[in-house]
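Written out below as structure tokens is the structure these notes cover.
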Amino acid sequence: MGASQAAAGMLAAGVEVEPGEEGQLPLNRHSQQLWPSFAAELEAASGMEIDLRTEGTLVVALNADDAARLRFNFDLQKSLGLDHQWLTGGEAKKREPYLHTNTVAAIFSPGDHQVDNRKLAKALRIAFERAGGQLHEHAPVAEILTEGNRAVGVRLESGDFHHADTTVLAAGAWSRAIPGLPDLARPPVRPVKGQMAALRMDPNEPLLRHVVWTPSVYLVPRRDGRLVIGATVEERGFNTDLTAGGVMSLIEGAWRTLPGIEELPIDELWVGFRPGSRDDAPILGPSGLDGLVLATGHHRNGILLTPVTSDAISDHILTGRTSDVIRPFGLDRFIRKAASNR
Ligand code: GLY
């Protein structure tokens, strides 16, 4: 019920690239490429659809300033080898006729898709239980248990113990706060609040088919007609308030790009917490404490990075090896950085 429920489900390795974060692109693209087979395998294992939609993503500009910013990002994305296309306003409107008449340009990213993240979480649960896994819900961990330099399981608030050869810390924005961790194994993760909204479109006549990024919000149309609008980015700790300003910025940002939303009913408003690490990249692999493995800090990319995280972490548990793909994203990078700053 954490970030996996709150997310929008965008698999946006391409359009989410920001200057300074190019180092994450190989990991993000690798996971993006794993998504089609991961989705097929999960749908077969769970017996349910998770609605992976492959129309791609449009990033739109509504005036000359937006277009200049878009052109800068486009040049960066092309220099990184991404297959993005530049569209005129007219070309963008051919793909999405309900976009505002002011649309002057757009980037089309043919490889940035989306999945219904709530269905994903449900399917993972079914597949996990069908494979023999036992899920203990509403059972908060009071403490990670250690013996010397080794994690040996968890103690629950109920007083029950679960002993384990390997414990995986994957508690999203809450990962830092789990008691029992020595300081060296504590991942530097904080909550980054996001307010979100969903409107209800007619599923037979949706206003959008692609994921659309506007200058201020993103719009994600679901097969069932829900139009997910996200998201604010706020450093407010675990504050769960929906605010007038937050909701207004979502609705206004969406309306400026897609005026047809005016009459749509509001389906849901919610708040989620991205697990943000100190450098915004995930924290994957060994923790420095034997028997404790980290899979956290996925920040804006948790759904995108689900396949590579599950593959690399299970491989690490089964073989003891850390694959090259996740090696740059270990907890030890923060320790190395602190040492080199001394
Ligand atoms: N990846 C979208 C978000 O974090 O809002």
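Quick note on numbering: the sequence shown equals residues 1 to 342 in my numbering.
Ideal Cβ placement from N, Cα and C applies to all residues, glycine included.
Nonlocal neighbours in the same chain, by C-beta distance under 7 angstroms from Val308, ignoring five residues either side
Leu27, His30, Ser31, Leu34 and Val325
Would Leu353 and Val17 be called neighbours here (beta carbons separated by less than 9 angstroms)?
One cannot answer for residue 353 here, as it falls past the ends of the chain, which runs 1 to 342.
Touching by the beta-carbon criterion (3+ pairs, under 8 angstroms), the region 92–100 and the region 73–81
no
Between which residues of its own chain and Phe238 is the CB-CB distance below 6 angstroms, once the five residues before and five after are set aside?
Pro191
May I have the straight-line CA-CA distance separating Asp202 from Arg130, to the nearest angstrom?
35 angstroms
Answer with buried or exposed for Asp112, where buried requires no fewer than 16 other C-beta atoms within 10 angstroms of its C-beta.
buried
Please classify Glu181: is it buried, with 16 or more other beta-carbons within 10 angstroms of its beta-carbon, or exposed?
Before going further, note that residue 181 is Leu rather than Glu in the sequence given. When all chains shown are included, Leu181 counts as buried.
Once the 5 residues before and after Ala39 are set aside, which same chain residues still bring their CB inside 7 angstroms of it?
Ile50, Leu52 and Val115
In chain order, what residues of the same chain have a beta carbon less than 7 angstroms from the beta carbon of Phe334, not counting five sequence neighbours either side?
Pro188 and Arg278
Would Val168 and Phe161 qualify as a contact pair, given that the criterion is a beta-carbon distance under 9 angstroms?
no
Cβ-heavy atom distance, Val233 to the ligand MG, below 8 angstroms:
Summarising the ligand content, the structure contains the ligand GLY and does not contain the ligand MG.
Examine the ligand GLY and report whether any of its heavy atoms sits within less than 8 angstroms of the Cβ of Ala7.
yes
Report yes if the CB atom of Lys193 is closer than 9 angstroms to the CB atom of Phe273, and no otherwise.
yes
With 16 other Cβ atoms within 10 Å as the buried cut-off, status of Gln24
buried
Less than 8 angstroms between the CB atoms is what I'm expecting for Thr88 and Ala68, so what's the real figure, rounded?
In fact, because the Cβ distance is near 15 angstroms, the residues do not count as touching under 8 angstroms.
Could you tell me whether the region 309–320 touches the region 220–237, where touching means 3 or more Cβ pairs closer than 8 angstroms?
no
For Asp290 and Gly148, the rounded distance between their alpha carbons:
9 angstroms
Can you grab the Cα-Cα spacing for the pair Ile107 / Leu135, in whole Å?
42 angstroms
The ligand GLY and Gly194: does any heavy atom of the ligand fall closer than 8 angstroms to the residue's C-beta?
yes
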